[in-house]
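Colleague: Chains as they are written, first to last, in our numbering: chain V, 1 to 218; chain B, 1001 to 1218. Where a beta carbon is used, it is the ideal one built from N, C-alpha and C, also for glycine. As the structure is a computational prediction, the values presented were derived from the model and not from experiment. There's a structure below that I have some questions on.
2 protein chains.
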Amino acid sequence: MKFTEAEENYIKSIYHLQITHEKVSATLLSAAVNTRAASVTDMLKKLQLKKLVNYKPYQSFTLTDKGVKTALEIIRKHRLWEFFLVSKLGFNWDEVHDIAEELEHISSKELITRLDNYLGNPSFDPHGDPIPDKNGRIKQLKQKNLIETPLKKMATVSSIRDQSNEMLELLKHYNISIGTRLRINKRFEFDGSVEIKMEKVPAAILSEQVAKNIFCTI
Amino acid sequence: MKFTEAEENYIKSIYHLQITHEKVSATLLSAAVNTRAASVTDMLKKLQLKKLVNYKPYQSFTLTDKGVKTALEIIRKHRLWEFFLVSKLGFNWDEVHDIAEELEHISSKELITRLDNYLGNPSFDPHGDPIPDKNGRIKQLKQKNLIETPLKKMATVSSIRDQSNEMLELLKHYNISIGTRLRINKRFEFDGSVEIKMEKVPAAILSEQVAKNIFCTI
DNA sequence: AATAATTTTTAGATTTGTCTAAATATTTAG
DNA sequence: CTAAATATTTAGACAAATCTAAAAATTATT
Ligand SMILES: [Mn+2]
Ligand SMILES: [Mn+2]
Ligand SMILES: [Mn+2]
Ligand SMILES: [Mn+2]
């Protein structure tokens, strides 16, 4: 089935929100898709007709199985294109999101199959997020954020939760990216900040807010 | 300036039509963009407001300089993506048009600059059509169709005018593609058909209608 | 439990792009 | 040069996606 670009953006946003939030409300979604709650209500009715969401007026809503399947297809496309932009065209990881936001709506299935193979069937995008395979299956890493990572152990940065421009800018300044190896030297009770040590550079301090958003494998 | 997908499709179609036809009319354009003449009239008014077409009611119309510039940017994107699909993803030349029809509307300038470099700044797309450079300049080959190509001289297929699925299917059957070397053995006065000879295969006859649409360099 | 605050939905518009049917203009032919 | 045929434009509708303002429902607070 084919959906409009707007429908796809709504579906994808609901998917992301229902992973991070217990309940997804019209206001929450309206912020994610950059519209007003009234527009969300209109769209929810359309998505319900197409059996993509479970929705009853005045209640929070969820994606149907069909909705989840659709969301994973869009996310697959988004992340494969991001991988392409970084690995083949040499973009930085903080430059690719908006372009992938458009490319994810290109409809050809065959294109994505071929792109996937061309890229070597990658499992993770440039931000460390898993790329669903053709069946919608996702590889989940056992990862901990820098608050939970044990002290004095080498760890490898594997993903970033908050991917706002501000966050990616900060990471660029500290020279932290996916694959960066580091060790937690110390955690400060006072403000939750952590001191990290990377190769060849002096130790650095990250605020709790930043540390929470950086995930590592050990 | 940014345009909608519909506007871009109209602009591109007008560009192609005014190369092949002395006058571009509403009916002609309506067939090209797959709508009705009434819709064309509506769109022409919008494009005129944006200074993309020279249009007076009941008269044929042309692109302004700005319109031509815009058309060339879209065509550049279309053909670069076609080149990518064939050279990197291994598509056949008869499979790429519809996908490029969507990809040509992705807005990022930087993306196209990088794609162009990644592909080695190609001058011709998989159908032999010239790819405008970043300034909209086009390399024009001195080429003749198989009706005009002199007899008994080796020639190289350089482009195909009619790129319908039917035409590309026929060419695939004869194993003719861009770069194919051939010689005109004979031209038949009776029906305008031509006999061509390619390496390693028996001579073949092409109808005048087909021969007109295959262009060669010598 | 009643009231206040918040959230969600409806009502009514707007924009973009399309359509059909009817009106109008242009072109072609007798 | 008129009449018929053809092309183009207008009028009026519609679907998609959005908005603001107002109404209705839910949730929180005294
Ligand atoms: Mn998107
Ligand atoms: Mn990503
Ligand atoms: Mn297009
Ligand atoms: Mn082409």
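1) Measuring alpha carbon to alpha carbon, tell me which residue in V/I218, V/F188, V/E101 and V/T62 is nearest V/E222.
2) Looking at the C-beta of B/S1107, does it have a partner C-beta in chain V at a distance below 8 Å?
3) Measure the alpha-carbon distance for B/T1020 versus B/F1215 and round it to whole angstroms.
4) Is V/H105 near ligand 2 - that is, is its Cβ less than 7 Å away from at least one heavy atom of it?
5) When you check each C-beta in the region 1104-1128 of chain B against every C-beta of chain V, which residues fall closer than 7 Å?
6) If we call anything under 8 Å between Cβ atoms a contact, is V/N165 one with V/D94?
7) Chain B partners of V/I99, CB-CB under 9 Å?
8) Please report the distance separating the alpha-carbon of B/H1105 from that of V/I112.
9) Within the structure, which residues are defined as neighbours of ligand 4 by a Cβ-heavy atom distance below 6 Å, reported in chain order?
10) Name the residue from B/T1180, B/N1135 and B/I1184 whose alpha carbon lies nearest to the alpha carbon of B/A1203.
11) Would you identify the three-state DSSP class for B/F1215, choosing helix, strand or coil?
12) Quick one: does V/L47 have its CB under 8 Å from some CB of chain B?
13) If you drop the 5 nearest sequence neighbours on each side, which residues of the same chain put their C-beta closer than 7 Å to that of B/L1044?
14) Could you tell me which residues DSSP pairs with V/F124 in its beta bridges?
15) Say yes only if the C-beta of V/E148 is nearer than 7 Å to one or more non-hydrogen atoms of ligand 3, and no if none qualify.
16) Closer than 7 Å by beta-carbon distance: list the chain V residues that pair up with B/E1102, in chain order.
17) Select from the region 72-101 of chain V all residues with a C-beta closer than 8 Å to any C-beta belonging to chain B, and list them in chain order.
18) Could you tell me the distance, in whole angstroms, from the CA atom of B/V1096 to the CA atom of V/L170?
19) Is the distance from the Cβ of B/I1147 to the Cβ of B/E1208 below 8 Å?
20) For ligand 3, is there any heavy atom lying closer than 7 Å to the beta carbon of B/N1034?
21) Hey, how far is the Cα of B/Y1174 from the Cα of B/L1168?
22) For V/N165, name the three-state secondary structure that DSSP assigns.
23) Find the nearest neighbour of V/D191 within the set V/I178, V/K212, V/K46 and V/M198, judged by alpha-carbon distance.
24) Kindly indicate the opening and closing residues of the alpha helix (DSSP H) around V/R76.
25) State whether the region 1029-1036 of chain B contacts the region 1076-1095 of chain B, with contact taken as three or more CB pairs (one from each stretch) at a distance under 8 Å.
26) What ranges does the beta strand (DSSP E) occupy inside the region 140-209 of chain V, keeping only unbroken runs of at least 3 residues that lie completely in it?
27) The alpha helix (DSSP H) spanning B/N1092 covers which residue range?
28) If you count every other CB in all the chains shown that lies within 10 Å of the CB of V/G179, and 16 or more means buried, which is it?
29) Would you tell me roughly how many angstroms separate the C-alpha atoms of B/K1186 and V/E5, rounded to the nearest one?
30) Hey, how far is the Cα of V/Q143 from the Cα of B/R1161?
31) Ignore the nearest five residues each way along the sequence and tell me which others in V/T70's own chain have a CB closer than 6 Å to its CB.
32) Quick one: what's B/T1062 bridged to in DSSP?
33) Could you check whether the Cβ of B/E1007 sits closer than 7 Å to any heavy atom belonging to ligand 3?
34) Can we count V/E221 as close to ligand 1, meaning its CB is less than 7 Å from some heavy atom?
Modeller: Reading from the atomic positions:
1) A question about residue 222 of chain V goes unanswered here, because the residues of chain V that appear run from 1 up to 218.
2) Here residue 1107 of chain B is taken as the residue at index 107 of the second sequence, counted from 1. It does; some Cβ of chain V falls within 8 Å.
3) Position 20 of the second sequence, counting from 1, holds the residue named residue 1020 of chain B. Position 215 of the second sequence, counting from 1, holds the residue named residue 1215 of chain B. Cα-Cα distance, rounded: 15 Å.
4) Here residue 105 of chain V refers to the residue found at position 105 when the first sequence is read from its first residue. Not so, every heavy atom of ligand 2 lies at least 7 Å from the Cβ.
5) Taking 7 Å as the Cβ-Cβ cut-off against chain V, the residues of the region 1104-1128 of chain B that qualify are I1106, S1107, S1108, L1111, R1114, L1115 and Y1118.
6) In the first sequence, the residue the question calls residue 165 of chain V occupies position 165. In the first sequence, the residue the question calls residue 94 of chain V occupies position 94. Contact flag set, yes.
7) Stepping through the first sequence from its first residue, residue 99 of chain V is reached at position 99. Correct list: I1106, S1107, S1108, E1110 and L1111.
8) Taking the first residue of the second sequence as 1, we reach residue 1105 of chain B at position 105. Taking the first residue of the first sequence as 1, we reach residue 112 of chain V at position 112. Using only the alpha carbons, I get a separation of about 18 Å.
9) B/R1079, B/E1082, B/D1125, B/H1127 and B/D1129
10) The residue labelled residue 1203 of chain B in the question sits at position 203 within the second sequence. The option with the nearest alpha carbon to B/A1203 is B/I1184.
11) Mapped onto the second sequence, residue 1215 of chain B falls at position 215. Reduced to three states, the DSSP call for B/F1215 is strand.
12) Against the first sequence, residue 47 of chain V aligns to sequence position 47. Closer than 8 Å: no.
13) For the purposes of this step, residue 1044 of chain B is identified with residue 44 of the second sequence, where counting begins at 1. Taken in chain order, the residues that qualify are V1053, Y1055 and F1061.
14) Mapped onto the first sequence, residue 124 of chain V falls at position 124. According to DSSP, V/F124 bridges with V/P130.
15) Taking the first residue of the first sequence as position 1, residue 148 of chain V is located at position 148. For ligand 3, not one heavy atom lies less than 7 Å from the Cβ of V/E148.
16) One-based indexing of the second sequence puts residue 1102 of chain B at position 102. What B/E1102 touches in chain V: I106 and S107.
17) Cβ contacts with chain B: L85, K88, L89, G90, F91, E95, D98 and I99.
18) As a working mapping, residue 1096 of chain B is identified with position 96 in the second sequence. As a working mapping, residue 170 of chain V is identified with position 170 in the first sequence. Going from the Cα of B/V1096 to the Cα of V/L170 covers about 41 Å.
19) For this step, residue 1147 of chain B is matched to residue 147 along the second sequence. For this step, residue 1208 of chain B is matched to residue 208 along the second sequence. Contact flag set, yes.
20) As a first step, residue 1034 of chain B must be located in the second sequence, where it is residue number 34. Flag unset: Cβ of B/N1034 not near ligand 3.
21) Position 174 of the second sequence, counting from 1, holds the residue named residue 1174 of chain B. Position 168 of the second sequence, counting from 1, holds the residue named residue 1168 of chain B. B/L1168 has its alpha-carbon roughly 10 Å from the corresponding atom of B/Y1174.
22) Taking the first sequence and counting its residues from 1, the one referred to as residue 165 of chain V is at position 165. Three-state result, V/N165: helix.
23) Here residue 191 of chain V is taken as the residue at index 191 of the first sequence, counted from 1. Of the listed residues, the one whose Cα sits closest to V/D191 is V/K212.
24) The count along the first sequence starts at 1 and reaches residue 76 of chain V at position 76. It spans D65 to S87 - the alpha helix (DSSP H) in which V/R76 sits, taken as one unbroken run.
25) no
26) Segments of the beta strand (DSSP E) lying fully in the region 140-209 of chain V: 154-160, 181-187, 194-198 and 204-206.
27) Position 92 of the second sequence, counted from the first residue, corresponds to residue 1092 of chain B. For B/N1092, there is no enclosing alpha helix (DSSP H), as DSSP marks it with neither H nor E.
28) Taking the first sequence and counting its residues from 1, one reaches residue 179 of chain V at position 179. By the neighbour-count rule (16 or more Cβ atoms within 10 Å), V/G179 is not buried but exposed.
29) If you number the second sequence from 1, residue 1186 of chain B lands on position 186. If you number the first sequence from 1, residue 5 of chain V lands on position 5. Each residue's alpha carbon lies about 54 Å from the other.
30) As a position in the first sequence, residue 143 of chain V is number 143, starting the count at 1. As a position in the second sequence, residue 1161 of chain B is number 161, starting the count at 1. About 56 Å.
31) Start at 1 with the first residue of the first sequence, and residue 70 of chain V comes out as number 70. Once the five neighbours on either side are set aside, the close Cβ partners of V/T70 are I11.
32) Stepping through the second sequence from its first residue, residue 1062 of chain B is reached at position 62. B/T1062 pairs with B/N1054.
33) Against the second sequence, residue 1007 of chain B aligns to sequence position 7. Result no, Cβ not under 7 Å from ligand 3.
34) For residue 221 of chain V there is no data in the structure shown, the boundaries of chain V being 1 and 218.
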